[in-house]
Amino acid sequence: MWIMLRPTFDDVAAANGFTGPIEKAQLWAGFMAAANGAMYAQVGADHARIINDGIQVALVDVARSKLHVVKP
Numbered sequence: 045m046w047i048m049l050r051p052t053f054d055d056v057a058a059a060n061g062f063t064g065p066i067e068k069a070q071l072w073a074g075f076m077a078a079a080n081g082a083m084y085a086q087v088g089a090d091h092a093r094i095i096n097d098g099i100q101v102a103l104v105d106v107a108r109s110k111l112h113v114v115k116p
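Taking the working numbering, the leading residue of the sequence shown gets 45, the next gets one more, and so forth.
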């Protein structure tokens, strides 16, 4: 999905002056919230929840592999 959406995401981010990672993360979070709303409407809450739970598990596994100590 990211490969398909990245050019559009980059265009929208640039058009809105979003250049930093925090701004881009906020933009992506907004998009994902809207996409989830549409997904819930089309496939139903039970199926959408299953999909989101699967994504969450995969993301936790990726995050664990990238964890490192950050000192202030």
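Cβ coordinates follow ideal geometry from the N, Cα and C atoms, glycine included. Being a predicted model, the structure only gives us computed values, none of them experimental.
Backbone CA spacing between residue i and residue j [nearest angstrom]
i    : j    : result
V87  : I95  : 10 Å
A57  : A77  : 16 Å
L103 : A69  : 15 Å
N80  : D105 : 21 Å
W46  : V101 : 18 Å
I99  : L49  : 17 Å
Unbroken alpha helix (DSSP H) run spanning residue i, endpoints
i   : result
G81 : 65 to 87
F53 : 46 to 59
Close Cβ partners of residue i (< 8 Å) along its chain, the five nearest in sequence each way excluded
i   : result
L71 : F53, V56, A57, N60, F62
6 Å CB neighbourhood of residue i in its chain, flanking five on each side removed
i    : result
P51  : none
A152 : Nothing can be reported for residue 152: it is not among the residues displayed for the chain, which extend from 45 to 116.
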